[in-house]
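Enquirer:
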Amino acid sequence: MGKSWGASRAPTVGLAIALIIAAALHGCFCATAPGLRLLTGGKKAAAGAGGTIGHSAVFTVNGNVYPLGYYSVSINIGNPPKAFELDIDTGSDLTWVQCDAPCTGCTKPRQSLYKPNNNLIPCGHNLCSSIHSTGKINCPEPSEQCDYEVEYADHGSSLGVLVADSFPLRLINGSFLSTRLGFGCGYDQKNPITGTPPTAGVLGLGSGKASIVTQLKNMGLFQNVIGHCFSGQGGGYLFLGNYLVPSSGVSWTPMLQTVSEKHYSAGPAELLFGGKHTGLNGLQLIFDSGSSYTYFNSAVYKSTLDMIKKDLNGKLKDAPEEKALSVCWKGAKPVKSLQDVKNHFKPLALSFTRSKNVQLLVPPENYLIVTKSGNVCLGILNGGEVGLGNLNVIGDIFMQDKLMIYDNEKRQIGWISSNCNKLHNLVEGEYNKEICQRYAVNLGILEEQQCPSSWTY
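Residue 1 is where the sequence shown starts when you use UniProt numbering, and the numbers rise one by one after that.
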């Protein structure tokens, strides 16, 4: 499931490794969907400011980096719709939910599981081949079910079948859209972390063909653009489509082509410490909202930790008794807030060498946490210790209080500092009539008083 759930559990990484398989292998559900078809209703959505396909949808985000260790959204699936709380994961592209098929390793009560209903996607469907790493599947009969297995870098996994069902979406202009999308019905889950994860599955937002945003793009409904804004105080918002992309002020860097073509990678970049060069350059980075913390490869991690410890110079003492993360410190008395200690730490930055004057600024509050016991811990971990090899994974902690944008149309990743507790229309700094709808206000992510009273709903 790709995340760390709860303070007492070891931090994990949500990056999906290249182990997605699709084949007609497992027990047969013997009822195939006739294919993906589009169902629309309500008012026609207006064209977005940034492209010809103007549909955009926005969702409230739940969770935090610590102590929960995840950010999630509630997604409605089916007709009548049923809500499922899903981890937001830009490190994988397959969306899946726990499924009553029956289920092994499911953590939700049976009445809260997804129930398939003659809606299996056949293995001959192009969506089935898209989730296989080589594009080749064992499909002797094109009408047979499409099985999948996805394994994450933390060794969690989901095994199931692909299905198609309605995804009712309320758009930011108040109109309603319902379309059938393909996703995983997971009937065998493995969670490497002790305890019960609070979510029912994963919302895969990677750049692969199985992503629901890619599917919406291929139907001619949405631009393939994703944005999330995770608040350091918890919560935030997520949007699909291009309407809420600011017209200015965003720092952009090109996406790198990856082997899997499903991860959001950028670089090369140099790590700066206190605004100064460190010699840690040529870094290729993967932006992964499925990882609570940031993972550097072993060499970069060791150098970064050495610089931080040297700069601390005894201002805080080591706290080996703290188990929340691997490197922690304590003060003379319990720390109540990062504001109490952040002056002891220098800011970091990632400078993208192929993009002029583009930096991802990482203040101390974006790489440190304060634990329940009042200690301070480093939210940068050694990727070599969890099997990530030379990869550098940018997790949620680095992306807090920034609007992060993954623009698959222009193949670029962008960010801008933002108040993630409220949804601002960042175009020219004003609220736009299109998002001054009761829908957005009721979600609690739009400041109602900012909408002109003369605008009607």
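C-beta atoms are modelled at their ideal positions from N, C-alpha and C, and glycine is treated no differently.
(1) Relative to the C-alpha of G387, which candidate in G414, H155, P102 has its C-alpha closest?
(2) I'd like the list of long-range same chain contacts for L203, defined as Cβ closer than 7 Å, with 5 residues on each side in sequence excluded.
(3) If you run the structure through DSSP and keep just helix, strand and coil, what is Q412?
(4) Would you report the Cα separation of I137 and D401, rounded to the nearest angstrom?
(5) Is the beta carbon of Y293 closer than 7 Å to that of I413?
(6) Please state whether the Cβ-Cβ distance between P142 and P116 is less than 7 Å.
(7) For P80, which of helix, strand or coil comes out of DSSP?
(8) Would you report the Cα separation of L244 and G274, rounded to the nearest angstrom?
(9) CB F287 to CB I394, shorter than 7 Å?
(10) Compute the minimum distance between the beta carbon of R411 and the heavy atoms of the ligand ZN, and state whether it is under 6 Å.
(11) Determine whether the beta carbon atoms of C185 and C128 lie at a separation below 7 Å.
(12) Over what stretch of residues does the beta strand (DSSP E) that includes Y406 continue unbroken?
(13) According to the Cβ coordinates, are Y66 and I308 closer than 7 Å?
(14) Counting only runs of 3+ residues fully inside the segment 217 to 288, write out the beta strand (DSSP E) ranges in chain order.
(15) Relative to the C-alpha of Y71, which candidate in S130, S248, T199, V150 has its C-alpha closest?
(16) Taking just the CA atoms, how far does T104 sit from Y187?
(17) With which residues is G383 paired in a DSSP beta bridge?
(18) Tell me which residues share the same chain as Q359 and place their Cβ nearer than 6 Å to its Cβ, disregarding the 5 neighbours each side in the sequence.
(19) Between which two residues does the beta strand (DSSP E) holding N64 run?
(20) Going by C-alpha distance, which of W252, K302, V225, K422 is nearest G384?
(21) For A349, write down the residues that DSSP places opposite it in a beta bridge.
(22) Just the C-alpha distance for N421 and Y114, rounded to the nearest angstrom, thanks.
(23) Determine the DSSP secondary structure at N138, reduced to helix, strand or coil.
(24) Given a threshold of 16 other Cβ atoms within 10 Å of its Cβ, counted over all protein chains shown, does K209 qualify as buried or as exposed?
(25) Inspect the beta-carbon positions of K342 and D311 and report whether they are closer than 7 Å.
(26) Have a look at L391, H132, L169, D165 and flag the residue whose alpha-carbon is nearest the alpha-carbon of E151.
(27) Please name the residue in S166, L381, N408 whose C-alpha comes closest to that of S298.
(28) Helix, strand or coil: how does DSSP classify A324 here?
(29) Identify the continuous alpha helix (DSSP H) that holds S178 and give its terminal residues.
(30) In the DSSP assignment, what residue or residues form a beta bridge with Y70?
(31) Closest by CA to S207, which one among I226, G220, K190, L305?
(32) Might you give, ordered along the chain, the residues of its own chain that have their beta carbon closer than 7 Å to the beta carbon of S211, omitting 5 neighbours on each side?
(33) At the level of alpha carbons, what is the spacing between N357 and S251?
Expert: Let me spell this out:
(1) H155
(2) V73, I75, L86, D87, I88, D89, T95
(3) DSSP places Q412 in the strand class (E or B) of the three-state scheme.
(4) 42 Å
(5) no
(6) no
(7) Reduced to three states, the DSSP call for P80 is coil.
(8) 33 Å
(9) yes
(10) Of ligands this structure carries none, so the ligand ZN is not represented either.
(11) no
(12) 402 to 407
(13) no
(14) 225 to 230, 236 to 240, 251 to 254, 264 to 273, 283 to 287
(15) T199
(16) Between the C-alpha atoms of Y187 and T104 there is a straight-line separation of about 6 Å.
(17) DSSP output for G383 lists no bridge partner at all.
(18) A349, S351
(19) 57 to 64
(20) K302
(21) L272, L361
(22) 31 Å
(23) Note: N138 maps to strand in three-state DSSP.
(24) buried
(25) In this structure, K342 lies away from D311, with their beta-carbon atoms at least 7 Å apart.
(26) For the residues L391, H132, L169, D165, the minimum Cα distance to E151 belongs to H132.
(27) L381
(28) coil
(29) S178 -> not in any alpha helix (DSSP H); beta strand (DSSP E) instead, spanning 176 to 190.
(30) Y70 is bridged to N64.
(31) Distance from the Cα of S207 is smallest, within the candidate group I226, G220, K190, L305, for I226.
(32) D93, G204, L205
(33) Here the alpha carbon of N357 sits roughly 9 Å from the alpha carbon of S251.
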